[in-house]
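See below for the structure under consideration.
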Amino acid sequence: IWTEEDGFVYLTSVMDLFSRKIIAWEISKTLDAESVLRSIDIAMTRRKGIKPRIFHTDRGVQFVSYLYYKKLGSEITTSYSRPANPWDNACIESFHALIKRESLNRHKIKNLAHARSLVFQYIDTFYNTTRIHSHCDYMSPNDYEDKYFRELEDKIKSTEVKQVNHNIAC
30 IWTEEDGFVY
40 LTSVMDLFSR
50 KIIAWEISKT
60 LDAESVLRSI
70 DIAMTRRKGI
80 KPRIFHTDRG
90 VQFVSYLYYK
100 KLGSEITTSY
110 SRPANPWDNA
120 CIESFHALIK
130 RESLNRHKIK
140 NLAHARSLVF
150 QYIDTFYNTT
160 RIHSHCDYMS
170 PNDYEDKYFR
180 ELEDKIKSTE
190 VKQVNHNIAC
């Protein structure tokens, strides 16, 4: 992201591929592992400590660092796009194209704080809450997740009722 005062600043986004929801993001002045690690921490906190099984990224320097490997540990499988092949990470590449086209490219961005404000506005007040996705049955990521968890809860309740009835019948 180009800014007038700070030059390039870099957006790290963590997407849940199930719902296409951006569950964490961070903007920094450098491409470093620390901003990626902060994003991962935010994502884990928002997902209540549930660790993903796979963390897929491109081959950026921040994703192949010792700190990154140490953070993910042996519990999370790292997965990388093939060199010079953005199609391997199409979902996040598509998101980054969207945020540029639908928001960032429409502004003269002054500095890091201004970029952070624009990214917040796009992700937290539009992309996750309002923007529909064909993958999500033409719902927003938030609505798609809500629907999934409501249906899961209904299935669990239904199973509990069947189990109780079954136990009573025995």
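Residues are numbered in this note's numbering as their position in the sequence shown, beginning at 1, plus a constant of 29.
For each residue, glycine too, the CB sits at the ideal point set by N, CA and C.
A quick note: this is a predicted structure, and the numbers were derived from the prediction, not measured.
Fill in: Per-residue burial, TRP116 [other beta carbons within 10 Å of its own, 16 or more giving buried]
exposed
Worksheet item: For VAL193, which residues from the same chain have a beta carbon less than 7 Å from its beta carbon, with the 5 sequence-adjacent residues on both sides left out?
Response: Low confidence applies to VAL193: its pLDDT is 42, below 50, so where it sits in the model is not reliable enough to give any reading.
Practice prompt. Report the three-state DSSP secondary structure of ASP166 (helix, strand or coil).
Written response: coil
Worksheet item: Between LYS139 and TYR39, what straight-line distance do the alpha-carbon atoms span, to the nearest angstrom?
Response: 14 Å
Fill in: Continuous alpha helix (DSSP H) stretch holding ILE152: start and end
Note, ILE152: premise wrong, no alpha helix (DSSP H); not H, not E.
Discussion item. Assuming ILE69 is part of the alpha helix (DSSP H), what are its boundary residues?
Written reply: 62-75
Worksheet item: Between the stretch 59-75 and the stretch 148-155, do at least 3 Cβ pairs fall closer than 8 Å?
Response: At 8 Å Cβ cutoff, the stretches do not touch.
Worksheet item: Which residue comes first and which comes last in the alpha helix (DSSP H) that contains GLU122?
Response: Secondary structure note for GLU122: its alpha helix (DSSP H) is the uninterrupted segment 119-131.
Worksheet item: Roughly how many angstroms lie between the CA atoms of ARG82 and ASP172, to the nearest whole one?
Response: 23 Å
Worksheet entry | Inter-residue spacing [alpha-carbon to alpha-carbon] between HIS143 and ILE105 | 34 Å
Worksheet item: With respect to the beta strand (DSSP E) encompassing TYR98, which residues constitute its N-terminal and C-terminal limits?
Response: Not the beta strand (DSSP E): TYR98 falls in the alpha helix (DSSP H), residues 95-101.
Worksheet entry | Spatially closest choice to LYS80 from SER163, VAL43, GLU55 and TYR95, by CA coordinates | VAL43
Practice prompt. Please go through the same chain and pick out, in chain order, the residues whose beta-carbon is closer than 7 Å to the beta-carbon of ASN196, but skip the five residues on each side of it.
Written response: Caution is warranted here: a pLDDT of 43 is assigned to ASN196, below 50, making its placement in the model unreliable, and the coordinate value is therefore given only provisionally. Excluding sequence neighbours, ASN196 sits near nothing in its chain.
Item to complete: Could you tell me the boundaries of the beta strand (DSSP E) in which LYS58 lies?
Response: Per DSSP, LYS58 belongs to no beta strand (DSSP E) and is neither H nor E.
Item to complete: Report the three-state DSSP secondary structure of PHE47 (helix, strand or coil).
Response: coil
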